[in-house]
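Here the working numbering is used: the first residue of the sequence shown is 57, the next is one more, and so on.
Encoded as structure tokens, the structure appears first; notes follow it.
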Amino acid sequence: MKQVAQIARDTIGVRALRSFVEIIRTGSATAAGRNLGMTQSAVSRIIAQLESSVGFELFYRDRGRLVPTKDAITLAEEVELALAGLERVNSLIRDISVSATGELRVVAPPSFSEGLLPDMVASFSERYPGVRFNLDSRGIETTKTMIATRAVDCGFMKLPIVGVDLNAETLVASGSVCVLPDGHPLAKHEVLTPPLLHKHPLVLLGSGRQWRAQIDHAFSQYGLRPTVAIETHTHGSACALAALGMGIAIVNSLLAKSYIRPPLIQRPFEPPIIHEYAFVTSSLSRPSRLTLDFKDEARRFLSDLNL
């Protein structure tokens, strides 16, 4: 059996591979030709040449449809990766040729995308005004899948990350803070600890997260349990509830920076709970130059913010 790389070196290589994938997707040489801007006869001829090149049958007819053989289905996985690699090469060439223009597709969990990401994008856009952004906000598992499958160029995630086909580069580490209204009885303390907090109503991020388990553990070290008034799922809502006097919010200090404004103040929470965030890309392909430039900007932005 010939390898896909060898087939791609033939004069009909790339066009044949695209026709092959399109027929598998549509089940019809006519539909494939329409999608590729070719005639049905041209597609049929290309597939016949491809079958001659590989030395085995790729499709059989069933009630007017072209059905891929088992060998074709096996081959299709490698073909799709080969074509995706070619597209990444083309994208990289475009990035290099146009320098500071192009499109960046970025994904992050809601608390990050609603707080830090807009400011980060605005900072990057000052230097690269020609760059278009497509921003997506998803849960942890969907974020990992989108990055690994290259549905996006990059993403931001909290460490540790459990997953395959991901490259994660740590950008920043931050502690935890208590957010409360100025004038609250506990505002006089420089640092807030479980013994000081346990009798006061708290606003905490929802149970089931590692971060929440760390808070519960911090209280248990003193033989205490937090008095949870409200559970929420974003830092923005936690800080808003604290501003309304619904409770003291214990949150990530980095993500809280977007929401700390009068009448809110913050105090360090101890024992320390550290949060690390990473810039994440797919390990299946090399990031574009534009993606790497954005990573550098993100590192600078977060470093300045975390001073």
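We put the beta carbon where it would ideally sit given N, CA and C, even for glycine.
Three-state class that DSSP yields for residue i in the structure shown
{"i": "Val208", "result": "coil"}
{"i": "Ser338", "result": "strand"}
{"i": "Glu113", "result": "coil"}
{"i": "Asp66", "result": "Here Asp66 scores only 46 on pLDDT, less than 50, and its place in the model should not be relied on; the value that follows carries that caveat. The answer is coil: DSSP assigns Asp66 none of H, G, I, E or B."}
{"i": "Ile321", "result": "strand"}
{"i": "Pro124", "result": "strand"}
{"i": "Ser169", "result": "helix"}
{"i": "Ser193", "result": "strand"}
{"i": "Ile79", "result": "helix"}
{"i": "Arg119", "result": "coil"}
{"i": "Glu326", "result": "coil"}
{"i": "Gly141", "result": "helix"}
{"i": "Gly93", "result": "coil"}
CA-to-CA distance, residue j to residue i, given in whole angstroms
{"i": "Cys295", "j": "Pro343", "result": "35 Å"}
{"i": "Ala207", "j": "Asp175", "result": "23 Å"}
{"i": "Gly264", "j": "Val135", "result": "41 Å"}
{"i": "Glu170", "j": "Phe357", "result": "16 Å"}
{"i": "His331", "j": "Ser232", "result": "8 Å"}
{"i": "Leu320", "j": "Ala299", "result": "6 Å"}
{"i": "Lys58", "j": "Glu143", "result": "Any answer about Lys58 is weak, because its pLDDT of 49 lies below 50 and its placement is not dependable; what the coordinates show is given next. Straight-line Cα distance between these residues: approximately 22 Å."}
{"i": "Asp349", "j": "Ser147", "result": "15 Å"}
{"i": "Arg323", "j": "Pro250", "result": "13 Å"}
{"i": "Ser84", "j": "Gly69", "result": "20 Å"}
{"i": "Gly210", "j": "Arg161", "result": "For clarity, residue 210 is Cys in the given sequence; the question names Gly instead. For Cys210 and Arg161, the distance between alpha carbons rounds to 7 Å."}
{"i": "Ser276", "j": "Lys313", "result": "28 Å"}
{"i": "Val307", "j": "Glu287", "result": "12 Å"}
{"i": "Arg65", "j": "Val110", "result": "At Arg65, the pLDDT of 45 sits below 50, so the modelled position is not reliable and the matter cannot be decided from this model."}
{"i": "Glu107", "j": "Ala269", "result": "58 Å"}
For residue j and residue i, believed in contact at Cβ under 8 Å, the rounded distance
{"i": "Asp118", "j": "Val163", "result": "At roughly 40 Å, the Cβ-Cβ gap does not stay under 8 Å, so Asp118 and Val163 are not in contact."}
{"i": "Asp238", "j": "Pro318", "result": "7 Å"}
Residue range of the alpha helix (DSSP H) that includes residue i
{"i": "Phe350", "result": "Arg345 to Leu361"}
Endpoints, beta strand (DSSP E) assigned at residue i
{"i": "Ile304", "result": "Ile304 to Asn308"}
Residue i beta carbon near the ligand HEM (any heavy atom closer than 6 Å)
{"i": "Lys313", "result": "No copy of the ligand HEM occurs in the structure displayed, which carries no ligand at all."}
Give the list of continuous beta strand (DSSP E) stretches no shorter than 3 residues that lie fully inside the segment 212 to 299. 222 to 230, 232 to 237, 258 to 261 and 284 to 288
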